Amino acid sequence: MSDQHEWWQKGIIYQIYPRSFQDSDGDGVGDLAGIRNRLDYLEWLGVDAIWLSPVFPSPMADFGYDVSDYTGIDPLFGSMEDFDQLLEDAHRRGIRIVLDFVPNHSSDQHPWFIESRSSRDNPKRDWYLWRDPGPDGRPPTNWLSSFGGSAWTWDEKTQQYYHHHFLPAQPDLNWRNPQVVDAMLDAMRFWLDRGVDGFRLDVIWLIIKDEHYRDNPENPDFQEHEPPHHQLLATYTTDRPEVHDIISKMRKLLDRYDERMMVGEIYLPIERLVTYYGAHGTGVHLPFNFQLITLPWDARTIARAIEQYEAALPSHGWPNWVLGNHDQPRLASRVGMAQARVAAVMLLTLRGTPTMYYGDEIGMQNVPIPADRVHDPVEKNLPGIGMGRDPQRTPMQWNAAPQAGFSDHEPWLPIAADAAERNVTVARETPGSLLRLYRRLIELRQEQPALSIGSYSPLPTEGDVLAYVRREADHRFIIVLNLGSEPARVEPPLEICGSIALSTHLDREGEKVQGWIELRADEGVIIDCPE
Ligand code: NOJ
Ligand code: MG
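The sequence shown begins at 101 in this note's numbering and counts up by one.
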């Protein structure tokens, strides 16, 4: 059988937050040489691609998401040579590298912005979004920053406001200016020519704003506990129709190279999300599907969401699923340690490319951050409402050494209190560990086309149980997941027959199943059902 699928359809993406994966030079911050030293681990785990959060020169106001040079490497992470070596070593092992591209905004220290703010008639003035004040000197619109306060900052020298969806240190680029488009495509070309396998596009759904600068409407459903910018609907600042023209230009560039891909960061309802696939060959290859993060961990809700998602995909749209990232509370803290195992089975058996977040495979949890060690500007601007992202960005737990094997120096964020027990070294040696479960799931998915590229069909279930079939040619797997903490007996109309290929508890492999199955609390199984 010839297999037409691309690596990013069959493969598993693993997100690394470079500051926190492995420090190699003892400064307490992870770096590229550190990642390179850990490629053995990633190869053992079996992932196909690494997505690196930004490693470009940056003043680090938002820890790399404020880029001051799109075609360099920040010395904190190493040199361009370190990058090339990492790329080469990864490729030699069959591991792809996807870079994080941040098109919406640069750093305020980027030479483009320094020029742009220098005078009103500077040729780069129009590379950013500058506006005259509104009545009484107020900001030009009511737009709010996601990181607190107005999305406009007054520039005393040139007597205008500039727009920033995030920090004032992250001015938004003007994507209506063709020179900006060319400069950013050049930056992408630079990395493509170096051999990177693709890009994760930061906040791609909000790079273009309303050309008439209309005020955003009030959000009638705003609740007190929500972040303040939810007071307004983001009608005129996000998901504007013109964004698709920009994406299609990026896509055209990627398509001049072999086997490259773009995955877009997009938080939108499903019917809007799927528009980012574009017409065939014009959109992003994958618009991140964050439903397993944003929805309540409830079998009926998730069953409905999978169904809606599968139904909404365009015929050329390849699905994908995500369980965690550097902006979201840790999976194990959201759903609990027992359900984290069920979630792993779900992520690696649903139809679509799975994206994992470093450390979730050993059950890392949110780490409480003492006030004097807070780094995230979101926590600093909006303290105490649970929006800070440091807890999910703590150093990878490799072993029981004092800094968990991450560094020989005090790390930039604290190490989890349980690192001596919860770490890669212990988990690799413990039969039945979450890490062993991940490895086995990845192996099974890669061995079995039914699990990676096979069709998906839901099975009728009730209560806390979710079940579906993956099928390719004459091979069928039935996946049955218990999202509850009570045992569950699953009976026909499920036509269950065959033998267990894997259980979350890693202790039922080979057990015969005929007609019905009893699941323990928090258990998920993959049943091999040859036809
Ligand atoms: C989304 C990134 O994931 C997040 O970490 C960052 O703060 C914002 N974009 C701004 O770049
Ligand atoms: Mg370092």
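The beta-carbon is built from N, C-alpha and C at its ideal position, and this holds for glycine as well. Values in this document were obtained by computation on a predicted structure and should not be read as measured data.
- Following the DSSP letters along the chain, one finds residue 394 inside the alpha helix (DSSP H) bounded by residues 391-394.
- Non-local beta-carbon contacts of residue 516 in its own chain, meaning distances under 8 Å to residues more than five positions away in sequence, involve 464, 465, 467, 494, 497, 504, 522 in chain order.
- As for any alpha helix (DSSP H) of minimum length 4 sitting wholly inside the segment 228-282, there is none.
- Under the 8 Å Cβ criterion, the segment 373-393 does not count as touching the segment 537-554, having fewer than three qualifying pairs.
- For residue 179, same chain residues with a beta-carbon under 7 Å away, outside a window of 5 residues either side, are 173 in chain order.
- Spanning the alpha carbons of residue 308 and residue 457 requires a straight line of approximately 28 Å.
- Out of 191, 398, 117, 363, the CA that lies nearest to the CA of residue 583 is found in 398.
- In the DSSP assignment, residue 480 falls within the unbroken alpha helix (DSSP H) covering 477-481.
- Residue pairing by DSSP places residue 598 opposite 613 in a beta bridge.
- Contact residues of the ligand MG (beta-carbon closer than 5 Å to any heavy atom; chain order) are 123, 125, 127, 129, 131.
- Contact between the segment 157-173 and the segment 284-295 is present: 3 or more CB-CB pairs across the two stretches fall below 8 Å.
- Placement of the Cβ of residue 357 at a distance of 7 Å or more from every heavy atom of the ligand NOJ is found.
- Excluding its 5 nearest sequence neighbours in each direction, residue 433 has C-beta neighbours in its own chain below 7 Å: 465, 466, listed in chain order.
- For the beta strand (DSSP E) assignment, the uninterrupted runs of no fewer than 3 residues enclosed by the segment 510-582 are, from N- to C-terminal side, 555-559, 565-572, 575-582.
- One Cα belongs to residue 188, the other to residue 198, and the distance between them is close to 13 Å.
- Residue 487 sits in coil when the DSSP states are folded into three classes, being neither helix nor strand.
- Measuring C-alpha to C-alpha distances from residue 380 to each of 390, 402, 395, 347 identifies 347 as the nearest.
- Taking non-hydrogen atoms of the ligand NOJ into account, the C-beta of residue 156 is found less than 7 Å away from none of them.
- Under DSSP, residue 287 shares a beta bridge with no residue.
- The distance from the Cβ of residue 113 to that of residue 394 is about 19 Å, inconsistent with a contact at the 8 Å cut-off.
- For the ligand NOJ, no non-hydrogen atom lies closer than 7 Å to the CB of residue 509.
- Counting along the chain, the unbroken alpha helix (DSSP H) around residue 346 starts and ends at 343-354.
- In the three-state DSSP reduction, residue 204 falls in the coil class, being neither helix nor strand.
- The alpha-carbon of residue 630 is positioned some 35 Å away from that of residue 360.
- Leaving aside the five residues that flank residue 588 on each side, the residues in its chain whose CB is nearer than 8 Å to its CB run, in chain order, 563, 564, 565, 582, 618, 619.
- Residue 151 sits in a strand when the DSSP states are folded into three classes.
- Annotated as proximal: residue 423 and residue 443, with beta-carbon spacing under 8 Å.
- When rounded, the separation of the alpha-carbon atoms in residue 218 and residue 257 is 8 Å.
- Cα atoms of residue 487 and residue 331: separation of roughly 16 Å, rounded to the nearest angstrom.
- Relative to residue 209, the option among 234, 250, 158 whose CA is nearest is 158.
- Under DSSP, no beta-bridge partner is assigned to residue 328.
- By the Cβ-count criterion, residue 530 is exposed, with fewer than 16 other Cβ atoms from all chains shown falling within 10 Å of its own Cβ.
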